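According to my numbering, numbering within the sequence shown proceeds without interruption in unit steps and concludes at 182. Built from N, CA and C at the ideal position, the CB exists for glycine as well. Owing to the predicted nature of the structure, the values given are computational and were not obtained by experimental measurement. Reviewing the structure listed below.
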Amino acid sequence: MKYHELLTMLRENMHPECWVSSRDNEGLYTYTLRENVGVSLVELPQEEDSKVSNEFTERFINESAYLRYYSLKYNGSTVKSVLLFLVDGGRAFIPSPKLIDKNYIHDDDLIISVIVDRLVFDSRYESEDTTRYLDRAKLAYQKSIIK
Numbered sequence: 036m037k038y039h040e041l042l043t044m045l046r047e048n049m050h051p052e053c054w055v056s057s058r059d060n061e062g063l064y065t066y067t068l069r070e071n072v073g074v075s076l077v078e079l080p081q082e083e084d085s086k087v088s089n090e091f092t093e094r095f096i097n098e099s100a101y102l103r104y105y106s107l108k109y110n111g112s113t114v115k116s117v118l119l120f121l122v123d124g125g126r127a128f129i130p131s132p133k134l135i136d137k138n139y140i141h142d143d144d145l146i147i148s149v150i151v152d153r154l155v156f157d158s159r160y161e162s163e164d165t166t167r168y169l170d171r172a173k174l175a176y177q178k179s180i181i182k
C-alpha cells in the first residue's frame, strides 16, 4: 500500500466507530482500523515531564498543555510518528506544526490528530468538532480534509 492510499483510507475512517481500541499493561492505547486490521495508531510512552507551553497552547482558557506521541503503523511497521499537543487542560488533541514559526498543519498530521482526538473524546464530532480547537489555536489547515 502506498502512503497516499493509506491516508485516503484514514480520511475515509475518521470516526470512532471505524476503530477498535485496546490498552496494554502500561496503560497505552492502540487503535486498530476495523476495515483493515493492518492499520493502527499506537500511543507511545510519554516523557516524564511532557508539559509544554508555546504560542499555540497558550491560546486556551486553561493554558496547561502536554506532548503526546503517536505512531501510525501498517502491518506492524511504523509509517509515521506524530507529535500532538494535549491542550486546554486535557480537553483536546491538536497537531504540532512542523515549524513553530509557521502555523500550517500538513494534511497527514491533521488526519491523524483528528482521528486521535475523536477516539479519545469519543463524542467530539457529535457535540463539537476538533476544528474548534484548531481554529482557537490559530492553526492553518485544509478544511476539506476533515470529514
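Residue i - DSSP class collapsed to helix/strand/coil
i: L238; result: Because the chain here runs from 36 to 182, residue 238 falls outside it and cannot be looked at.
i: I182; result: Note that residue 182 is Lys in the sequence shown here, rather than Ile. Three-state DSSP puts K182 in coil, outside helix and strand.
i: L68; result: strand
i: Y38; result: helix
i: E82; result: coil
i: R46; result: helix
With 16 other Cβ atoms within 10 Å as the buried cut-off, status of residue i
i: R167; result: exposed
i: M36; result: exposed
i: V55; result: exposed
i: T113; result: exposed
i: A175; result: exposed
i: I96; result: exposed
i: V72; result: exposed
i: R103; result: buried
i: S179; result: exposed
i: N48; result: buried
Range of the contiguous alpha helix (DSSP H) that encloses residue i
i: T165; result: 165 to 171
i: V155; result: 142 to 155
i: R94; result: Unbroken run through R94: none, as it is neither H nor E.
Rounded separation between residue i and residue j - CA only
i: Y139; j: G111; result: 29 Å
i: Y105; j: R171; result: 23 Å
i: D143; j: L42; result: 7 Å
i: V77; j: T67; result: 9 Å
i: R153; j: E82; result: 23 Å
i: G62; j: L79; result: 10 Å
i: A100; j: E93; result: 8 Å
i: V117; j: L107; result: 8 Å
i: K173; j: P130; result: 12 Å
i: V74; j: N89; result: 32 Å
i: K133; j: L145; result: 12 Å
Contact test: residue i Cβ vs the ligand MG heavy atom, cutoff 7 Å
i: E40; result: The ligand MG is absent from the structure shown, which contains no ligands of any kind.
Extent of the continuous beta strand (DSSP E) to which residue i belongs
i: P132; result: Segment: none, P132 is in no beta strand (DSSP E) and carries neither H nor E.
i: R58; result: 54 to 58
i: L118; result: 112 to 122
CA nearest to the CA of residue i, picked from the options
i: H50; options: I150, K173, I180; result: I150
i: K137; options: E98, F91, K86; result: F91
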